[in-house]
Amino acid sequence: MAEEKPRDARLFEFRTYHAEPGKLDALLTRFRDHTCKLFEKHGMTNVGYWVPVENKDNLLIYLMAYPDRAARDASWKGFLADEDWKKAAAASEVNGKLVGKIDELYLTNTDFSRGFPTSVAGGADRLFELRTYTATAGKLPNLHKRFSEHTLELFKKHGMTNGGYFKLTAGQPAADDTLVYFLAHKDAAAAEKSWTSFRADPVWVAAKKASEEAAGGSLTVPDGVKSVFLKPVDFSPVK
Numbered sequence: 001m002a003e004e005k006p007r008d009a010r011l012f013e014f015r016t017y018h019a020e021p022g023k024l025d026a027l028l029t030r031f032r033d034h035t036c037k038l039f040e041k042h043g044m045t046n047v048g049y050w051v052p053v054e055n056k057d058n059l060l061i062y063l064m065a066y067p068d069r070a071a072r073d074a075s076w077k078g079f080l081a082d083e084d085w086k087k088a089a090a091a092s093e094v095n096g097k098l099v100g101k102i103d104e105l106y107l108t109n110t111d112f113s114r115g116f117p118t119s120v121a122g123g124a125d126r127l128f129e130l131r132t133y134t135a136t137a138g139k140l141p142n143l144h145k146r147f148s149e150h151t152l153e154l155f156k157k158h159g160m161t162n163g164g165y166f167k168l169t170a171g172q173p174a175a176d177d178t179l180v181y182f183l184a185h186k187d188a189a190a191a192e193k194s195w196t197s198f199r200a201d202p203v204w205v206a207a208k209k210a211s212e213e214a215a216g217g218s219l220t221v222p223d224g225v226k227s228v229f230l231k232p233v234d235f236s237p238v239k
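Mapped onto the UniProt record's numbering, the consecutive letters of the sequence shown carry residue numbers 1 to 239.
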């Protein structure tokens with residue numbers, strides 16, 4: 001029997017940049033031409049870069065990886081002090097700053113995460129789906145158990161590609177109740193077809209019912225499942 005792949009124990013940083021009105025293209029250009037290379041120079045791993053399909057808020061979303069928090073902090077310190085970064089930032093902001101706000105989340109893989117999906121052969125971009133679940137108080141372990149024992153295989157059965165499954169590191173708001181994960185689909189039509197067949201699958205219906213009966217109720221709070229469809233930008237390592 002093949003050995004099970006060990007869990008990826010790195011620290012992940014999930015960052016959302018709120019670009020100033022009309023500045024998203026300039027922000028993407030700065031990342032493409034300078035930022036990503038400088039991240040790598042300072043020991044950071046670029047995992048993926050996306051923009052929402054419906055990007056009304058001018059967002060850039062990306063995921064980075066580090067060996068641990070100390071390495072993360074050291075890398076950012078070196079990056080921000082780098083003269084090449086200072087020059088690139090100044091040049092890009094001659095006509096005003098590019099980013100109004102930055103949101104950060106620190107993540108680690110769940111025990112059942114199988115890693116981020118690699119890019120497909122031929123370079124075809126996939127449609128990604130970012131899903132965030134807020135578990136009912138105390139029931140995140142039950143939710144993890146259902147994903148581990150049933151949901152991941154059922155996603156695969158219905159044509160979805162499992163990406164990384166993450167929990168928030170301790171000390172962040174809602175860290176004890178949040179699951180964040182990524183799926184990849186061929187396109188929007190494939191996503192709709194997959195979700196329709198998944199939700200109607202009697203195996204899923206039975207697994208959901210059994211897990212909720214065992215936990216004494218729903219594993220997520222009302223309106224506790226959020227989904228955002230994302231498209232990879234041209235310089236994203238994962239597409």
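Note that the Cβ used here is the ideal one computed from N, Cα and C, for glycine as well.
Treat the numbers as computed from the prediction; the structure is a model and nothing was measured.
- Pro21 sits exposed, since fewer than 16 C-beta atoms from the chains shown fall within 10 Å of its C-beta.
- Contact between the segment 192-199 and the segment 139-149 is absent, with fewer than three C-beta pairs closer than 8 Å.
- Annotation: the continuous alpha helix (DSSP H) that includes Arg199 extends over Ala188 to Ala200.
- Your pair Phe166 and Thr110 checks out as a contact, with CB atoms roughly 7 Å apart and the cut at 8 Å.
- DSSP lists Tyr62 and Glu104 as the beta-bridge partner residues of Arg15.
- Here DSSP, grouped into helix, strand and coil, assigns Asn142 to helix.
- Checking the DSSP bridge columns, you'll see Pro222 has no partner listed.
- Taking the C-beta atoms as reference points, His34 is found no nearer than 8 Å to Ser75.
- Taking the Cα of Gly48 as reference, the smallest distance to any Cα among Glu40, Leu98, Tyr62 and Leu38 is reached at Tyr62.
- With contacts defined by Cβ atoms closer than 8 Å, Lys23 and Leu98 form a contacting pair.
- When the alpha-carbon of Asp177 is set against those of Leu219, Ala190 and Met160, the nearest one is in Leu219.
- Within the same chain, Arg30, Asp33, His34, Thr35 and Leu38 come within 8 Å of Ala88 by CB-CB distance, once the 5 residues on both sides are set aside.
- Val221 places its beta carbon less than 8 Å from that of Thr136.
- DSSP, read as helix, strand or coil, puts Phe155 in helix.
- Per DSSP, Thr161 lies in no alpha helix (DSSP H) segment; the continuous beta strand (DSSP E) that holds it begins and ends at Thr161 to Leu168.
- Where Phe39 is concerned, the enclosing alpha helix (DSSP H) starts and stops at Cys36 to Lys41.
- A direct Cα-Cα distance of roughly 8 Å separates Thr108 from Asp8.
- A Cβ-Cβ distance of about 15 Å is found for the pair Ala190 and Gly163, leaving them out of contact under the 8 Å criterion.
- Residue state for Gly217 is assigned as coil, using DSSP reduced to three classes.
- Counted as a single uninterrupted DSSP element, the alpha helix (DSSP H) harbouring Gly78 occupies residues Arg69 to Ala81.
- In this structure, Val238 places its C-beta atom within 8 Å of the C-beta atom of Phe116.
- The beta-bridge partner set that DSSP reports for Asn109 consists of Phe166.
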